[in-house]
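Residue numbers (the numbering used here), protein chains in the order written: chain A, 4 to 153; chain B, 257 to 369.
Using N, Cα and C, we set each Cβ at its ideal position, and we do this for glycine too.
So the structure is just underneath, and the comments pick up after that.
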């Protein structure tokens, strides 16, 4: 019987084929209590989403647009910046993924080492090297970067 | 001898509760497998398997509550759609543990859990 690590590694690789080459490491157990948006916002007790079932800043509309997600993170001190995966020691970066219809699907956060960390839906957290690792059918592609002073 | 039927929608009936449970379990498995990686509450809820669970009608509410109790997950949209009620306080939105407990308490009060 496969162990936990083996099962989730297989699941991640199935969902995100680019990670088969780029590599990643599992950094948490699975949880349905918080999602990628929450994780990017350093919140691991709420499921963030602009819907009746999700947490969303009270002054923002419940609409799934890139602008609304940027606005939510603006309330946390982030500002849009040039798209660059390079580490800037004095700033924390997050990247918003969208599909072709421009609806947001995912947010990743850069760690202090320059790696990226993501919560995969109701699955586990992972750490990986480049944003392209999560690009594909499930999340689309990373298009908007934001940063704030650490 | 005719078997009693469990009516679950104007279009679907199951010959017995076991058939309903089997249909529900298959839909849950498909839904979990195909939406586990998603953060979007909307995408989870509009998934075909989730919509088919809602289409099973009120007879499936005890099964949804049991699934919520035993395995967790985002069943809140389905429960609202199936029951027309929402026991979750607005300030608890997004706090899955509290939302779950609100629905389970709602179910206990009605003898469904």
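Nearest neighbour of residue 17/A, chosen from 329/B, 291/B, 315/B and 320/B [CA to CA]: 291/B
Take residue 39/A and list the residues in its own chain whose beta-carbon comes closer than 8 angstroms to its own, dropping the five residues that flank it on each side. 109, 110, 111, 121, 122, 123 and 124
May I ask which residues mark the beginning and end of the alpha helix (DSSP H) holding residue 27/A? It is not in any alpha helix (DSSP H) - residue 27/A instead sits in the beta strand (DSSP E) that spans 27-29.
Residue environment, residue 86/A, which counts as buried when at least 16 other CB atoms sit within 10 Å: exposed
Mind pulling the chain A residues with CB within less than 8 angstroms of residue 359/B? The premise fails here: residue 359/B is roughly 11 angstroms from chain A at the closest Cβ pair, so nothing lies under 8 angstroms.
Classification of residue 265/B by the beta-carbon crowding that lies within 10 angstroms, buried from 16 upward: Residue placement at residue 265/B is flagged as unreliable, the pLDDT there being 49, under the threshold of 50; the coordinate-derived value follows with that caveat. Per the 10 Å Cβ criterion, exposed.
Let me know the secondary structure DSSP gives residue 365/B once reduced to three states. helix
Taking 9 angstroms as the CB-CB cut-off, is residue 349/B touching chain A? The beta carbon of residue 349/B falls within 9 angstroms of a beta carbon belonging to chain A, placing the residue at that interface.
Quick check on residue 136/A: does DSSP put it in helix, strand or coil? Residue 136/A carries a helical assignment under DSSP once its states are collapsed to helix, strand and coil.
Could you tell me which chain A residues have their CB closer than 9 angstroms to the CB of residue 333/B, listed as they occur along the chain? 54, 55 and 56
Alpha carbon to alpha carbon, how far is residue 106/A from residue 99/A? Give it in angstroms, no decimals. 10 angstroms
Closer than 8 angstroms, Cβ to any Cβ of chain B: which residues of the segment 114-137 of chain A, in chain order? Answer in chain order: 122, 123, 124, 125 and 126.
Determine the extent of the beta strand (DSSP E) in which residue 99/A is found, giving its start and end residues. From DSSP, the beta strand (DSSP E) with residue 99/A extends over 94-101.
Say whether the segment 125-144 of chain A touches the segment 51-64 of chain A, bearing in mind that this needs 3 or more beta-carbon pairs closer than 8 angstroms, one atom from each stretch. no
When the Cβ atoms of the segment 143-150 of chain A are set against those of the segment 78-85 of chain A, are three or more pairs found closer than 8 angstroms? yes
How about residue 369/B: is its C-beta nearer than 9 angstroms to some C-beta of chain A? no
Determine the chain A residues that contact residue 322/B at a beta-carbon separation under 8 angstroms, and present them in chain order. Those do not exist, as residue 322/B stays about 16 angstroms from chain A at its closest Cβ, beyond 8 angstroms.
Anyone know if the C-beta pair for residue 27/A and residue 293/B falls short of 9 angstroms? no
Ignoring anything shorter than 3 residues, give me the beta strand (DSSP E) runs that lie fully in the segment 25-97 of chain A, in order along the chain. 27-29 and 82-84
is_contact[residue 74/A, chain B] using C-beta, thresh 9 angstroms: no
Which same chain residues end up closer than 7 angstroms to residue 54/A when comparing Cβ atoms and leaving out the 5 residues on each side of it in sequence? Residues 65 of the same chain have their beta carbon placed closer than 7 angstroms to that of residue 54/A, with the five preceding and five following residues left out of the count.
Could you name the residues that DSSP lists as bridge partners for residue 131/A? 27/A and 119/A
On the DSSP letters alone, give me the boundaries of the alpha helix (DSSP H) that residue 316/B sits inside. Per DSSP, residue 316/B belongs to no alpha helix (DSSP H) and is neither H nor E.
Suppose contacts are defined by Cβ-Cβ distances below 9 angstroms. Is residue 324/B in contact with residue 331/B by that definition? yes
Is there at least one Cβ from chain B nearer than 9 angstroms to residue 78/A's Cβ? no
Expressed to the nearest angstrom, what Euclidean distance is found between the alpha-carbon atoms of residue 326/B and residue 91/A? 44 angstroms
In chain A, what lies closer than 9 angstroms to residue 330/B by C-beta? 35, 50, 56 and 125
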